[in-house]
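S.K.:
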Amino acid sequence: MVEFSSPSFPSPRNVEVDTFFIKFDLKIGCLVTAGLGILLSSIMIGYAAEKTTHECLTALECIAVSGGLLPAFAAFFKFMIALHVITLASEICLLLGALFKIEALLNIWLAAPTGLAYTYSTVYSFLVYKDFVGVGYSAVGFSFSLFGLILYLVWLPILGNLLLVHELLKQQKYYFRVWDFLASQYGNVVGLKLGNNKLIIVSGRDMIREFYANEDFDGRPDGFFYRIRSFEKRLGIVFTDEANWEVQRKFTMKTLKQLGLGRTNMVEHIEREAYEMIEYFKEKSKDGSPIEMHDAFDIPVLNVMWAFLSGSRFELDDRRLPELTKMIHDSFRVIDMSGGILNLWPPIRYFLPEKSGYKPLLRTLKPLWEFLQTTIETLRQDLDIPEAPRSFIASYLNEMRSRTKDRSFTDDQLLALCVDLFQAGSETSSNTLGFGLIYVLHNTYVIDKMRKELDFVVGKDRLPTLSDRTQLRYTEAVVCEILRMSTVAPLAIVHRALETTRLGKFIIPKDTLAMVSLHSLHNDKDYWGDPEVFRPERFMNAEGNFLQHENLLPFGAGKRRCIGENLAKSSVFLFFASFIHSFDILPPSKQELPNPEPLDGITLSPQPYKVFLKSRKI
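By numbering that gives the first Met the number 0, the letter at position 499 of the sequence shown is numbered 498, and the numbering carries on one by one without gaps.
1. Return the Cβ separation of Glu267 and Val303 in integer angstroms, given the expectation that the two are a contact with Cβ distance under 8 Å.
2. Could you say which of Pro299, Asp179, Asn397 lies nearest to Thr254 if we only look at CA atoms?
3. Please report the distance separating the alpha-carbon of Ile437 from that of Tyr211.
4. Under three-state DSSP, which class holds Ala513?
5. On the criterion of 16 or more Cβ atoms from any shown chain inside 10 Å, does Ala476 qualify as buried, or is it exposed?
6. Please report the straight-line C-alpha distance between Ser311 and Glu536, rounded to a whole angstrom.
7. Look at the Cβ atom of Pro359, then the Cβ atom of Phe223, and state whether they are nearer than 8 Å.
8. Rounded to whole angstroms, what is the Cα-Cα separation between His441 and Ala488?
9. Based on the DSSP secondary-structure assignment, which residues constitute the bridge partners of Lys192?
10. For Lys281, which residues from the same chain have a beta carbon less than 7 Å from its beta carbon, with the 5 sequence-adjacent residues on both sides left out?
11. Which same chain residues, not among the five before or five after Asp460, have their C-beta less than 6 Å away from its C-beta?
12. Can you tell me the Cβ-Cβ gap for Cys417 and Ile446, rounded? I've got them flagged as a contact below 8 Å.
13. By a C-beta neighbour count over all protein chains shown, 10 Å radius and 16 as the cutoff for buried, is Val237 buried or exposed?
14. I need the DSSP call for Ile207, collapsed to helix, strand or coil.
15. I need the DSSP call for Val153, collapsed to helix, strand or coil.
16. Just the C-alpha distance for Tyr185 and Val201, rounded to the nearest angstrom, thanks.
17. If you count every other CB in all the chains shown that lies within 10 Å of the CB of Asp205, and 16 or more means buried, which is it?
18. Can at least three beta-carbon pairs, one atom from the segment 583-602 and one from the segment 167-184, be found at a separation below 8 Å?
19. At which residues does the beta strand (DSSP E) containing Ile227 begin and terminate?
20. From this set, Leu551, Phe538, Gly435, which residue's C-alpha is nearest Tyr608's C-alpha?
21. Rounding to the nearest angstrom, what Cα-Cα distance links Gly218 and Arg406 in this structure?
22. May I ask which residues mark the beginning and end of the alpha helix (DSSP H) holding Lys358?
23. Keeping to the same chain, check which residues put their C-beta closer than 8 Å to that of Lys616; ignore five residues upstream and five downstream.
24. Going by Cα to Cα distance, which pick from Val189, Gly194, Arg468, Arg483 is closest to Leu162?
25. Which residue marks the beginning of the alpha helix (DSSP H) containing Ser614, and which one marks its end?
26. Using the three-state DSSP reduction, which class does Ser519 fall into: helix, strand or coil?
27. If you follow the alpha helix (DSSP H) that Asp460 is in, where does it begin and where does it stop?
28. If you measure between the beta carbons of Asp467 and Val478, is that distance less than 8 Å?
29. Are the CB atoms of Lys283 and Ile290 within a distance shorter than 8 Å?
30. Whose CA, out of Asp317, Gln372, Phe313, Asn187, lies closest to the CA of Asp411?
31. Can the beta-carbon of Pro593 be found closer than 8 Å to that of Pro586?
32. Would you call the CB atoms of Leu320 and Phe313 closer than 8 Å?
33. For Ser604, does the three-state DSSP call read helix, strand or coil?
34. Does the distance from the C-beta atom of Arg400 to that of Ile579 stay below 8 Å?
35. In three-state DSSP terms, what is Asp316?
36. When the Cβ atoms of the segment 499-514 are set against those of the segment 423-433, are three or more pairs found closer than 8 Å?
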């Protein structure tokens, strides 16, 4: 990789991966290509000029017969000479652009008809003159022009560093490990280009804290992939910024406080879901067969968010639920957070609708839109009932009525908000709980310590409640360690620089995209000591009290911090505590402990696994 943009933009070079174009120094490649191109273009100018003279003399002999072929021959070869002069100029642009990292000159080279000139010369030399010398010159020139073009595309506008990312992904298996590898080679701010987008990867606790403290990075990316989720408009709160985002976020936060934690009804919703979950698994485990657990928490978690959105819940045997949860999971698997090739080149959806991810994405979104729209219309019919709104949707519909002239509160905006909240609020918490069971099955002493605390604080005649939370210190530490070790959103959500700004020693241009490697933060050996070990005790002090770590940031930080953080933490805590309190959990055999390695995607999810559940006598 070579830095062809601003000297202040961070960029790795010569990354050792198994592909020729990355191992090869691109700057040297461009210089070689330009040098040979200049030499060949100069030769071809002389060659074309010599042919022009020859044709002119030949044409003079037959002017009387031809009626004036000389002007035609002369004009033709002047065109040929002019084409090679343009080619020579473009190769000089390539040379200067590579030497001095001037992207504008490289773009001139890309736009110039270099390949056209060589191709034309090759064909014409062969067909007209049977001149293999001219063919040879032109063919070699075309080959080097093509080679230079490939080198150029590795960094510049069309492909960028996609080849690099692709090759590293084959080695590292996960996107977050690709970014961590690049950080280990080039530092805590690494610059890449994905298509025509500049991207930085921010790693390390100090740089991440500086990043989150800088409000210039509070923007979100814009592009086809991000808009397709909201009907090709910029709606919702996840992928919007500035004025529109401020208005929608303020309303969502206000409604969350009105309906959420601290309010009896939402606490009761969470505790009821914990109870229903335990009863469901008690019944399901009676026959003694192993139970799929990687997605076992989907419905309880979904119901907590659904209670906030609609004021109702799903029954655990609702026939719509398997399809609904599958839609949510699939929407996080079909494409990566950068938007993939679909975002870099949207027209590809017409040629490769499946491979680009376009059709799979629509297959997950359309049923979700329809489901949410049906719920919105049902609640709209109940607006005339004289009582305080009991859901986010009802509150939003009331706000729309009171803001008839405010275009920021619309039906499309409401649906986009529901998609954002429904997806983000269910996927991450469910996956965290799925990983949690895997970790404690690999560390059974943790289960023993949790049960000892739960039996002492809660007793054996009821389930834990959120009011017990302050006394369940070790359980709180376990949940924090699960959040740290799973880091189900290892790269958070993409940010965008609203203005040209500084990060560390680098000047970051406006509209640069930024990903924060929370995985690197949560696995920093200098801070955590043994991050690869599941050890809840790191969240306890010497007196046995819960110890919060400032470098645990699973929900991000700053103004773009997840607005549902408290709701998610409370749900994960209560569901996990209730599950450990209620069941003995065993793998199918000691040799079949579930694999802690995740499935990759926008969020990480646990691999499928089964366990035996046996109800405890509480």
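Ideal Cβ placement from N, Cα and C applies to all residues, glycine included.
M.R.: Reading off the structure:
1. Rounded, the Cβ-Cβ distance is 11 Å, inconsistent with contact.
2. Asn397
3. 31 Å
4. strand
5. buried
6. 38 Å
7. no
8. 22 Å
9. Lys197
10. Ser614
11. none
12. The Cβ separation is near 37 Å, so there is no contact.
13. buried
14. helix
15. Note that Val153 scores 49 on pLDDT, short of 50, meaning its location in the model is unreliable; the coordinates nonetheless yield the value given after this. Looking at Val153 - three-state DSSP - the assignment turns out to be helix.
16. 11 Å
17. exposed
18. yes
19. Note, Ile227: premise wrong, no beta strand (DSSP E); alpha helix (DSSP H) at 223-227.
20. Gly435
21. 21 Å
22. 357-380
23. Lys459
24. Gly194
25. Here Ser614 belongs to no alpha helix (DSSP H); instead the beta strand (DSSP E) covers 609-614.
26. helix
27. Neither: Asp460 is in no alpha helix (DSSP H) and is coded neither H nor E.
28. no
29. yes
30. Gln372
31. yes
32. yes
33. strand
34. no
35. coil
36. no
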